[in-house]
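Residue numbers (our numbering), protein chains in the order written: chain A, 1155 to 1382; chain B, 38 to 483.
Just so it is clear, CB atoms sit at the ideal spot from N, CA and C, and this is done for glycine as well.
Just so you know, these numbers come straight off a predicted model, no measurement behind them.
One structure is given here, and the rest of the page talks about it.
Listed below in structure tokens is the structure:
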């Protein structure tokens, strides 16, 4: 009863032996090939995730300037605007910082009496770091000195080189490739309060002042270098 | 990004209902052979372990949210929690039982009087070992237990080939039941990994795990990677063997429903492989640049294939095995009403879940989906008798189907149902208590 004995084994028969061995061999071959790949990737991943090299980031800067000259009357407040879309931002550059210098025409002379000038950068839709501690959004002067106003546009930008830790170059640069900062209009309010020489101006000859606003937009591009 | 709702709570309910009902029916039935009762108890406890594990996963998803990518949990958030620890340990216990199942069903391979004690002893020892090992190693070597699937895979593949070749040679259709159940068990155990077969053949899966590792900043151990790769390879081997076997059988004897199921999984794996290849730039982005999200279509595909196969279709597949192979006594009138309730309940739950899933990404108004659900309910109620009968019809135990493969005195010693359940109940309690203790002590997740 050979067939009866053959059918009793639930795992093998003579004719199933060859395909079964082929199936097992193919499974083993697949296992060997994929284990090889897995092992390689395991090493690469472990090396990749275990160390975070340091990268030095340097900023190359370019400046673009705009100027407005306004004549203000005594006790007048005037708003001046600078449309940043008019600036030509070179390829690969981003706007980092805006500086506005407000200068009055009057020079401190014999009378020793300068007009009082105030300037404020007005918070609006301009995309910038309005809450940055580096900002200087208001200034006032009555000593014929220029007023310097500052606005940080790009997050954490201060123009100084830095060293960051990241697993690859892309991620090290991730914070320095964001678009959209510096879109909008820079709005500055100017305010004038005329002070007559020695406090006496019977014919009203000193009633206005020419005020110049120079805006310098600092743009940056980044370069990166592995430090270790 | 499309918000796909999680299937885990549904899977938890379905698995627990089916598992408890199976144990309940087997407990009441005295006439079933001990082999059937062992197989039924194993399937019942596998479903309960999986169900409880899914309950824990659902709790974690509810509390911490699931990530859009493969619906996975954020390990940095959930690690060290009671639910996470319990989930992993319950899953580990289910895997141990799944690995032991081919030794007892469809045939008792060891075929000695002590094989039940081997089952209980091996399950206890393996569960205790993996529980302790995972707790002490903080789950760094999770998936190590996948290596336990190797013997079961060898048994089921050999059995499938052995019976399909004999069936085709002798044109003996009753042998089909054995090759089919071997194939169904392979799908039940390796179903998810079968859907990644082309990616495994092309060796793409390692990139996905590399991505996951970089994203979570967690380095899996060599044992963990090896376990994952082993399971993927076994799933790939299984579907290729099944597909070759079914293609040959179809050519010789004609198409069969199991053949259709196999070809569907094969095609899903093929499409998934192409999709994986198409998103390889996104997969590699974690390494080369920064991690980009997968397209919504890719996530939807994954949810409807691999995830649905694991969470929704596997319990139905186990239910089919339980009924079609007479593991639970389907002939008894007292059991019939419970079987009918379970069958209809499961089909309805799964159908409504699929409808909800479709609704989550297609702009179908609620009224239309409600109407569709009403149609499904109507069909199931109207054809309830027919559906249940077709499942039970032609059901026969392995012993009845191929008596010449069972020794006359083979392992028919009294099977102590209570001891079996008590043991696995204790394993469940052990897992809960140990997880509670370890997480309470703050040992985990450090």
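Could you give the residue range of the beta strand (DSSP E) that holds residue i?
i: residue 1272(A); result: 1270 to 1276
i: residue 184(B); result: Premise fails: residue 184(B) is in no beta strand (DSSP E) and is neither H nor E.
i: residue 484(B); result: The question about residue 484(B) has no answer, for chain B in this structure spans 38 to 483.
i: residue 1235(A); result: 1231 to 1237
i: residue 1215(A); result: 1208 to 1227
i: residue 1299(A); result: Looking at the DSSP string, residue 1299(A) is not in any beta strand (DSSP E), and its letter there is neither H nor E.
i: residue 1249(A); result: 1248 to 1258
i: residue 313(B); result: No beta strand (DSSP E) holds residue 313(B); the alpha helix (DSSP H) holding it covers 294 to 315.
What is the rounded straight-line gap between the Cα of residue i and the Cα of residue j?
i: residue 323(B); j: residue 1223(A); result: 52 angstroms
i: residue 124(B); j: residue 1313(A); result: 51 angstroms
i: residue 172(B); j: residue 1339(A); result: 60 angstroms
i: residue 78(B); j: residue 458(B); result: 8 angstroms
i: residue 425(B); j: residue 359(B); result: 13 angstroms
i: residue 406(B); j: residue 389(B); result: 9 angstroms
i: residue 1263(A); j: residue 1370(A); result: Unreliable positioning characterises residue 1263(A) in this predicted model, as indicated by a pLDDT of 49, which lies under 50. A coordinate reading is not provided.
i: residue 1198(A); j: residue 414(B); result: 53 angstroms
i: residue 1161(A); j: residue 210(B); result: Residue confidence for residue 1161(A) is low, a pLDDT of 47 falling below 50, so the modelled location carries little weight; the figure read from the coordinates is stated next. One C-alpha to the other measures close to 15 angstroms.
i: residue 441(B); j: residue 133(B); result: 30 angstroms
i: residue 184(B); j: residue 268(B); result: 8 angstroms
i: residue 1219(A); j: residue 114(B); result: 50 angstroms
i: residue 206(B); j: residue 468(B); result: 49 angstroms
i: residue 301(B); j: residue 312(B); result: 16 angstroms
i: residue 191(B); j: residue 466(B); result: 32 angstroms
i: residue 1163(A); j: residue 95(B); result: 44 angstroms
i: residue 238(B); j: residue 270(B); result: 8 angstroms
i: residue 1305(A); j: residue 1368(A); result: 14 angstroms
i: residue 349(B); j: residue 48(B); result: 6 angstroms
i: residue 1279(A); j: residue 1315(A); result: 29 angstroms
i: residue 487(B); j: residue 102(B); result: Coverage of chain B is limited to positions 38 through 483, which leaves residue 487(B) absent and any answer about it impossible.
i: residue 385(B); j: residue 377(B); result: 12 angstroms
i: residue 45(B); j: residue 98(B); result: 9 angstroms
i: residue 226(B); j: residue 186(B); result: 9 angstroms
i: residue 221(B); j: residue 472(B); result: 33 angstroms
i: residue 1230(A); j: residue 1307(A); result: 29 angstroms
i: residue 1241(A); j: residue 317(B); result: 40 angstroms
i: residue 1184(A); j: residue 231(B); result: 14 angstroms
Which residues of chain B have a Cβ atom closer than 8 angstroms to the Cβ of residue i, listed in chain order?
i: residue 1167(A); result: 199, 202, 203
i: residue 1187(A); result: 240
i: residue 1191(A); result: 240, 243
i: residue 1184(A); result: 237, 238, 270, 273, 274
Quick check: is any heavy atom of the ligand COA less than 7 angstroms from the C-beta of residue i?
i: residue 232(B); result: This structure lacks the ligand COA, and indeed carries no ligand of any kind.
Going along chain B, which residues have a C-beta under 7 angstroms from residue i?
i: residue 1196(A); result: 259, 262
i: residue 1206(A); result: In chain order: nothing, as chain B lies at least about 10 angstroms away.
With residue i as the anchor, note down where its alpha helix (DSSP H) starts and where it stops.
i: residue 62(B); result: 45 to 65
i: residue 1325(A); result: 1323 to 1327
i: residue 377(B); result: 370 to 398
i: residue 1196(A); result: 1168 to 1204
i: residue 172(B); result: 152 to 173
i: residue 134(B); result: 119 to 137
i: residue 355(B); result: 351 to 361
i: residue 421(B); result: 421 to 429
i: residue 1380(A); result: Not the alpha helix (DSSP H): residue 1380(A) falls in the beta strand (DSSP E), residues 1362 to 1380.
Is the CB of residue i under 8 angstroms away from at least one CB in chain C?
i: residue 1374(A); result: In summary, chain C is missing from the structure at hand, where the protein chains are A and B.
Cβ closer than 9 angstroms: which chain B residues qualify as neighbours of residue i?
i: residue 1283(A); result: By Cβ distance, chain B contributes nothing, its closest Cβ being about 23 angstroms from residue 1283(A), past 9 angstroms.
i: residue 1200(A); result: 250, 256
Could you list which residues in chain A have their beta carbon closer than 9 angstroms to that of residue i, in chain order?
i: residue 320(B); result: Simply none; closest approach about 12 angstroms.
i: residue 296(B); result: Within 9 angstroms Cβ-Cβ: nothing; residue 296(B) doesn't reach chain A, min ~17 angstroms.
i: residue 266(B); result: 1185, 1188, 1189, 1191, 1192
Determine the chain A residues that contact residue i at a beta-carbon separation under 7 angstroms, and present them in chain order.
i: residue 195(B); result: 1165, 1166, 1174
i: residue 287(B); result: Correct list: empty, because the minimum Cβ distance to chain A is about 16 angstroms.
If the cut is a Cβ gap below 8 angstroms, which residues of chain A does residue i touch?
i: residue 183(B); result: What residue 183(B) touches in chain A: nothing, since even the nearest Cβ is about 12 angstroms away.
i: residue 191(B); result: 1178
i: residue 100(B); result: Within 8 angstroms Cβ-Cβ: nothing; residue 100(B) doesn't reach chain A, min ~27 angstroms.
Say whether the segment 42 to 55 of chain B touches the segment 86 to 95 of chain B, bearing in mind that this needs 3 or more beta-carbon pairs closer than 8 angstroms, one atom from each stretch. yes
Chain A contacts made by the segment 238 to 249 of chain B, where a contact means CB separation under 8 angstroms: 238, 240, 242, 243, 244, 246, 247
Touching by the beta-carbon criterion (3+ pairs, under 8 angstroms), the segment 251 to 269 of chain B and the segment 1198 to 1213 of chain A: yes
Per the contact definition of three or more C-beta pairs closer than 8 angstroms, is the segment 196 to 204 of chain B in contact with the segment 279 to 298 of chain B? yes
Got a sec: which bits of the segment 117 to 144 of chain B sit with their beta carbon under 7 angstroms from any beta carbon on chain A, in order along the chain? 144
Does the pairing of the segment 1286 to 1293 of chain A with the segment 1316 to 1324 of chain A give three or more beta-carbon distances under 8 angstroms? no
According to a CB-to-CB cut-off of less than 8 angstroms, which residues of the segment 321 to 350 of chain B neighbour chain A? 324, 325, 326, 327
With contact counted as at least three CB pairs below 8 angstroms, one residue from each stretch, are the segment 1324 to 1333 of chain A and the segment 326 to 344 of chain B in contact? yes
Any residues in the segment 1322 to 1348 of chain A with a beta carbon nearer than 8 angstroms to a beta carbon of chain B? Which ones, in chain order? Taking 8 angstroms as the Cβ-Cβ cut-off against chain B, the residues of the segment 1322 to 1348 of chain A that qualify are 1322, 1324, 1325, 1328.
Chain A contacts made by the segment 356 to 370 of chain B, where a contact means CB separation under 7 angstroms: Within the segment 356 to 370 of chain B, no residue qualifies.
Along the segment 206 to 226 of chain B, where does the CB come closer than 8 angstroms to a CB of chain A? Name the residues. 206, 215
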